[in-house]
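**Student:** Let me give you the structure first, and then I'll get to my questions.
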């Protein structure tokens, strides 16, 4: 067995199940704990999937259909103001979760002394597990409220940068919703040049944002503004799960530096996660359409505004820059708050400390919860009212 498996922590939802124990709430359940979109999937994409069922009779190519890669290239150019990106620099993947994991295995050089991966803290758990199983050391970059929930890259020492092989950024952030600005992205690109590491930018929430006229910047966009049209040392991860409400389609892509992508493609020919042809055809339909994405943002925007309004007199919430999570400071201990709310109101949240580590003695997720506003607006409003009742019922 791989001895590094022993380093893996229990997954947050396993910890959540243990926290809830055998409690049997009396009310109907409302789950705000998991980031699984519940809005209706676009019908035209489902029709494209059904109409291409004969594609299941053939093995899909690891690199994917050229038409899909061309459409993704066109979307990237339009969305991030690129001069262009060769479809050869794009690989469709079976959801970005598997891609983030497999990419790490492909790019970490374990023959080097103390290969190191840097990740935000709190973070999407795949970054950590992927780094451990690739044989790397980890450095956690705390995302604190006083820094706008952005990592403090100035805290990294010269020696740590020298050992860094891979830096994960998540923008918009999961769970914080914080968006990195262009200046910070370009600062990281210059650091990657200086210390020769790869930047992996998880941008799966990039199409859910609060101001319809201010879209989050992306890593490839930062490259283009610097005149770096080869995207050297830079790779991005995108998904249809959140953008298009099709988490079960398991469809996303990785794009960036041509040399890195060629090596990663070679890895994937053995990895064996090529997208089935019907899934690719449905994905082609989705990447060509922005109407459903605009409507998706409207639905989230309405939910966030009404949820915040219901709770304003007892639990003031700060709107995230993007994404569909409230990262909220709890009125008291996040574990007790989560457990009590579940027991008395059957609303499930995710304690912030389950999404973070405490390498320096302090867990940056302590005293926070993540709330995913993925259910219908009526359910989210009902959850907000139950949370309000629970908070107001607590002793002063």
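In the numbering used here, the protein residues as written are 2 to 397. C-beta: ideal position from N, C-alpha, C; glycine also.
For residue 128, count neighbouring Cβ atoms within 10 angstroms of its own Cβ and tell me buried if that reaches 16, exposed if not.
**Tutor:** Using a 10 angstroms sphere on the CB of residue 128, the tally of other CB atoms reaches 16 or more, which defines it as buried.
**Student:** Which of helix, strand or coil does DSSP assign to residue 117?
**Tutor:** Secondary structure at residue 117: strand, using DSSP grouped into helix, strand and coil.
**Student:** Between 114, 208 and 130, which has its C-alpha nearest residue 163's C-alpha?
**Tutor:** Comparing alpha-carbon positions, the option among 114, 208 and 130 lying closest to residue 163 turns out to be 114.
**Student:** Taking three-plus beta-carbon pairs below 8 Å as touching, is the segment 327 to 334 in contact with the segment 359 to 372?
**Tutor:** Contact between the segment 327 to 334 and the segment 359 to 372 is present, because at least three Cβ pairs lie under 8 Å.
**Student:** With which residues is residue 202 paired in a DSSP beta bridge?
**Tutor:** 170 and 237
**Student:** Just mark residue 414 as buried or exposed, buried being the case when its beta carbon has 16 or more other beta carbons within 10 Å.
**Tutor:** With the chain covering only 2 through 397, there is no way to say anything about residue 414.
**Student:** Return the first residue and the last residue of the alpha helix (DSSP H) that residue 340 is part of.
**Tutor:** 335 to 346
**Student:** With distance defined between alpha-carbon atoms, name the residue in 10, 276, 386 and 265 nearest to residue 56.
**Tutor:** 276
**Student:** Are residue 190 and residue 224 close, meaning C-beta to C-beta below 8 Å?
**Tutor:** Taking 8 Å as the Cβ cut-off, residue 190 and residue 224 qualify as a contacting pair.
**Student:** Beta carbon of residue 28, beta carbon of residue 246: below 8 Å?
**Tutor:** no
**Student:** How many angstroms separate the CA atom of residue 254 from the CA atom of residue 2?
**Tutor:** Going from the Cα of residue 254 to the Cα of residue 2 covers about 30 Å.
**Student:** Since residue 289 contacts residue 66 with CB under 8 Å, what's their CB separation in whole angstroms?
**Tutor:** Actually they are not in contact, since the Cβ atoms of residue 289 and residue 66 sit about 14 Å apart, beyond 8 Å.
**Student:** Would you mind listing the alpha helix (DSSP H) stretches within the segment 13 to 98 that are 4+ residues and don't spill past its ends, in chain order?
**Tutor:** 13 to 21, 44 to 51 and 67 to 81
**Student:** With 16 as the cutoff for other CB atoms within 10 Å, does residue 393 come out buried or exposed?
**Tutor:** exposed
**Student:** Does residue 384 come out as helix, strand or coil in the three-state DSSP assignment?
**Tutor:** helix
**Student:** Should the segment 211 to 222 be called in touch with the segment 170 to 185, which here means at least 3 C-beta pairs below 8 Å?
**Tutor:** yes
**Student:** Select from 177, 382 and 51 the residue whose C-alpha is nearest the C-alpha of residue 148.
**Tutor:** Among 177, 382 and 51, the Cα nearest to that of residue 148 is on 177.
**Student:** Count the CB pairs spanning the segment 202 to 213 and the segment 292 to 305 that are closer than 8 Å, and state whether there are at least three.
**Tutor:** yes
**Student:** Please check the pair residue 101 and residue 238, which I expect to be a contact at CB under 8 Å, by giving their CB distance rounded to whole angstroms.
**Tutor:** Yes, residue 101 and residue 238 are in contact; Cβ-Cβ is about 6 Å, under 8 Å.
**Student:** Would you mind reading off the limits of the beta strand (DSSP E) that contains residue 372?
**Tutor:** 369 to 373
**Student:** Measuring alpha carbon to alpha carbon, tell me which residue in 315, 362 and 304 is nearest residue 372.
**Tutor:** 304
**Student:** In whole angstroms, what is the alpha-carbon distance linking residue 328 and residue 58?
**Tutor:** If I take the Cα positions, the gap works out to 45 Å.
**Student:** Considering residue 257, what are the terminal residues of the beta strand (DSSP E) in which it resides?
**Tutor:** Element bounds for residue 257: 253 to 257.
**Student:** Please state whether DSSP places residue 143 in a helix, a strand or coil.
**Tutor:** strand
**Student:** Going by C-alpha to C-alpha distance, which of 36, 384, 269 and 91 sits closest to residue 209?
**Tutor:** 36
**Student:** Report the residue from 94, 350 and 34 whose alpha carbon sits nearest the alpha carbon of residue 278.
**Tutor:** Distance check between residue 278 and each of 94, 350 and 34 places 94 closest, using alpha-carbon atoms only.
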